[in-house]
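Peer 1:
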Amino acid sequence: AQTVTQSQPEMSVQEAETVTLSCTYDTSESDYYLFWYKQPPSRQMILVIRQEAYKQQNATENRFSVNFQKAAKSFSLKISDSQLGDAAMYFCAYSSNSGTYKYIFGTGTRLKVLA
Amino acid sequence: NAGVTQTPKFQVLKTGQSMTLQCAQDMNHNSMYWYRQDPGMGLRLIYYSASEGTTDKGEVPNGYNVSRLNKREFSLRLESAAPSQTSVYFCASSPTNRGLNEKLFFGSGTQLSVL
Chain Z
672 AQTVTQSQPE MSVQEAETVT LSCTYDTSES DYYLFWYKQP PSRQMILVIR QEAYKQQNAT
732 ENRFSVNFQK AAKSFSLKIS DSQLGDAAMY FCAYSSNSGT YKYIFGTGTR LKVLA
Chain D
6 NAGVTQTPKF QVLKTGQSMT LQCAQDMNHN SMYWYRQDPG MGLRLIYYSA SEGTTDKGEV
66 PNGYNVSRLN KREFSLRLES AAPSQTSVYF CASSPTNRGL NEKLFFGSGT QLSVL
């Protein structure tokens, strides 16, 4: 069974600085998707970034980028120029492309942004 | 666009009571999911439906039942609520066409308290 591990329950970053959130996963499959979702206090789940496993190039969305290391099964999220609005829970998620289409989530990292 | 609509938003039950959480999506998605979110445990998959007419157990199915009524609707039933089922419940859907739009679309969540 696939698992997703986020080993940092909480992280802090100064406004305008850069922070990296860690995620590792375990799977025997070669074709899958990885995601980072943001959950602000409103409880809404917002997709931050998505990576397809067959793409070697790391995904980037404005200030958000990932470091995808397929062999190491690592998928970290880098937030550059952190803003107060980035404060939220961040969840890493895995989805198989084999046909079950389950999405498995990590336990989350709470990010605090300090003014 | 409504997206994923789940009702109710809040519910308080007494131990042993039953209730059904309703979920509907208007995006013609194939797959639908029910998650529960508990502090420190992330989102855990309760049940999912990869396509109309099929349902499968997720990580924490005990105490729950589901019905995929049609392609739009996927309900979650608690037959005899227990305090351990106090949680925030999320319904989600995904197209599972594995195209550029592949991701989870979430409802706004249901805060359930079982006394």
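Respectively, the protein sequence lines represent chains Z and D. Residue 672 is where the first sequence starts when you use the working numbering, and the numbers rise one by one after that. Residue 6 is where the second sequence starts when you use the working numbering, and the numbers rise one by one after that. Where is the CB? At the ideal position from N, CA and C, for every residue including glycine. Small disclaimer: the values here were computed from a predicted structure and weren't measured.
1. With H, G and I counted as helix, E and B as strand and the rest as coil, what does DSSP make of Z/S699?
2. What are the start and end residues of each continuous beta strand (DSSP E) run of 3 or more residues lying completely inside the segment 675 to 760 of chain Z, in chain order?
3. Out of Z/L705, Z/L785, Z/F762, Z/I775, which has the shortest C-alpha to C-alpha gap to Z/G756?
4. Give the straight-line distance between the Cα atoms of D/T60 and D/R73, rounded to the nearest whole angstrom.
5. Classify D/A87: buried if its beta carbon has 16 or more other beta carbons within 10 angstroms, exposed otherwise.
6. Going along the chain, which residues of its own chain have a beta-carbon closer than 7 Å to the beta-carbon of D/G58, five neighbours each way excluded?
7. For the 8 Å Cβ check, are there 3 or more pairs between the segment 757 to 771 of chain Z and the segment 708 to 728 of chain Z?
8. Compare the C-beta of D/S36 against all C-beta atoms of chain Z and say whether one is closer than 7 Å.
9. Here's the rule I'm using: 16 or more other beta-carbon atoms within 10 Å means buried, otherwise exposed. How should D/F15 be labelled?
Peer 2: Taking the geometry as given:
1. Taking the first sequence and counting its residues from 1, the one referred to as residue 699 of chain Z is at position 28. In the three-state DSSP reduction, Z/S699 falls in the coil class, being neither helix nor strand.
2. You should have 681 to 685, 690 to 692, 695 to 697, 703 to 710, 717 to 723, 735 to 740, 745 to 750.
3. Counted from its first residue, the first sequence places residue 756 of chain Z at position 85. Nearest option by C-alpha distance: Z/L785.
4. As a working mapping, residue 60 of chain D is identified with position 55 in the second sequence. As a working mapping, residue 73 of chain D is identified with position 68 in the second sequence. Cα-Cα distance, rounded: 7 Å.
5. For the purposes of this step, residue 87 of chain D is taken as the residue at position 82 of the second sequence. It is exposed - the Cβ of D/A87 has fewer than 16 other Cβ atoms within 10 Å.
6. Here residue 58 of chain D is taken as the residue at index 53 of the second sequence, counted from 1. Correct list, in chain order: R73.
7. yes
8. Taking the second sequence and counting its residues from 1, the one referred to as residue 36 of chain D is at position 31. Taking Cβ atoms only, chain Z reaches closer than 7 Å to D/S36, which makes this a yes.
9. Taking the first residue of the second sequence as position 1, residue 15 of chain D is located at position 10. So D/F15 counts as exposed.
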